[in-house]
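Have a look at the structure below, then the notes.
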Amino acid sequence: MTESTADSESESFSLTDDEIINSILDILARTAPEIRNGLPGRRVKTNEENPSGESPMEADVFADELLRNRLGSLDGIGEYASEERSSADDTGSGLSVCIDPLDGSSNLKSNAAMGTIAAVYDAPLPARGSDLVAAAYVLYGATTTMIAAVEGNVADYVIYQDGSYEPIEQEVRVPSEPTVYGFGGRVPNWPRDFNSFVSDIESDTSMKLRYGGAMVGDVNQVLTYGGIFGYPALTNAPSGKLRVQFEGYPIGYIIECAGGASSDGSQSLLAVESNDIHDRTPVYVGTPSLVERLEGALAGKADSE
Ligand code: F6P
Ligand code: MG
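Residues in the sequence shown are numbered consecutively from 2, following the working numbering.
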């Protein structure tokens, strides 16, 4: 249990992990309408380059600064890292947070779904998947919602314009009957085994394509309807595109807490090794039977069904 002690005050106090996690969720919910309201006018690229070599949009930087200021000044947060910063900021002592401030921000111009992802680790960064104590994502869709995994349970909240939020589903579970699939990356760059797996999925008449280009939106389809999302290893990028600390671990954690499965192609995302905060990994999440089939296909095993 991480404790935060205010020694500058005459009266000392300490926060439990649960209290810190609740405060993080409060901040995510309070900040979400501000991020959303701040999007108009910030739909252009900056002249900067982020640690992944991409030019962030003004909205990415805006969301990152808001969250850095609020989460970084919360008692009980020791490190703040985001996709937009080359290294983690030291913000005191306590839990570490890794933030993807605006996941899917290439959807800004086309006005499609985007999100904010938060991973909370009880360890210094870069952390391991087993260090996660909570993870959440905000989805800026037709409504603003927040999925949060805390203590092994996943809940879905609606966030109102004033930053208040209330549960719409207390125990979210990945449906056992898969319905949807969505895979990122250019199809010509998909490895042969992955391509065969996708053909197999597409030959199943009960499966429908749902792909929107923002991981949180695509993952939320799978969480809602059952199925599989993947951003695979590519022939020209064997580690794929998504980041371990900001995307792979928290999304894997949320889906596993909801009874689904996650994989990097051969093992749970939570078992992936990561020595740098900007490491990448292939990401596959969804209904356990499909993730198992995917791992079999990538291992070169013929589909047993
Ligand atoms: O964070 C990276 C991201 O925006 C994800 O949300 C999304 O799944 C992926 O990139 C889409 O990548 P691409 O535009 O290469 O298909
Ligand atoms: Mg992202």
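By construction, the Cβ of each residue, glycine as well, lies at the ideal position given by its N, Cα and C atoms.
All values derive from a computational prediction rather than experimental measurement.
The shortest C-alpha to C-alpha distance from P41 to any of G241, L29, M58, D27 is the one to M58. Counting the other Cβ atoms within 10 Å of the Cβ of D277 gives fewer than 16, which makes it exposed. Per DSSP, the continuous alpha helix (DSSP H) segment holding M216 begins and ends at 216 to 226.
The alpha helix (DSSP H) runs of length 4 or more contained entirely in the stretch 147 to 194 do not exist; there are none.
Within the DSSP secondary-structure output, A262 pairs in a beta bridge with G287.
Listed in chain order, the alpha helix (DSSP H) runs fully inside the stretch 63 to 119 amount to none, counting runs of at least 4 residues. For A238, no alpha helix (DSSP H) run applies, since DSSP gives it neither H nor E. When distances are taken from the beta-carbon of M216 to the heavy atoms of the ligand MG, the shortest one is below 7 angstroms.
Taking C-beta atoms as the reference points, A137 and M147 count as a pair closer than 8 angstroms. Remark: the shortest separation between the CB of L140 and any heavy atom of the ligand F6P does not fall under 7 angstroms. Between Y141 and R71, the CB-CB gap reaches or exceeds 8 angstroms. Listed in chain order, the non-local C-beta contacts of E167 below 7 angstroms within the same chain comprise Y158, V159, local neighbours out to five positions each way being set aside.
Proximity of the stretch 74 to 93 to the stretch 201 to 213 falls short of the contact definition, fewer than three beta-carbon pairs being nearer than 8 angstroms. In this structure, the alpha-carbon of Y182 lies about 45 angstroms from that of S15.
A residue is called buried once 16 or more other Cβ atoms fall within 10 Å of its Cβ, and T144, having fewer, is exposed.
The closest heavy atom of the ligand MG lies less than 7 angstroms from the beta carbon of D101.
Between the ligand F6P and G54, a heavy atom-to-CB distance of less than 7 angstroms is absent.
Cβ neighbours of D194 within its own chain (closer than 7 angstroms, five residues either side excluded): A298, L299, G301. If the five residues before and after R31 are omitted, its C-beta is found closer than 6 angstroms to the C-beta atoms of G164, all from its own chain and listed in chain order. In the displayed model, T32 falls within a helix according to three-state DSSP.
The closest heavy atom of the ligand F6P lies 7 angstroms or more from the beta carbon of Y158. In terms of Cβ geometry, T117 and A156 do not form a close pair [threshold 8 angstroms]. Under the three-state reduction of DSSP, R129 is assigned to coil, being neither helix nor strand. For P239, the number of other beta carbons within 10 angstroms of its own is below 16, and it is reported as exposed. Out of P189, N154, P283, A113, the CA that lies nearest to the CA of E172 is found in N154.
Exclusion of the five residues before and after P34 leaves T145, I160, Y161, Q162, D163, G164 as the residues of its chain whose Cβ lies within less than 8 angstroms of its Cβ. The three-state reading of DSSP puts L270 in helix, counting H, G and I together.
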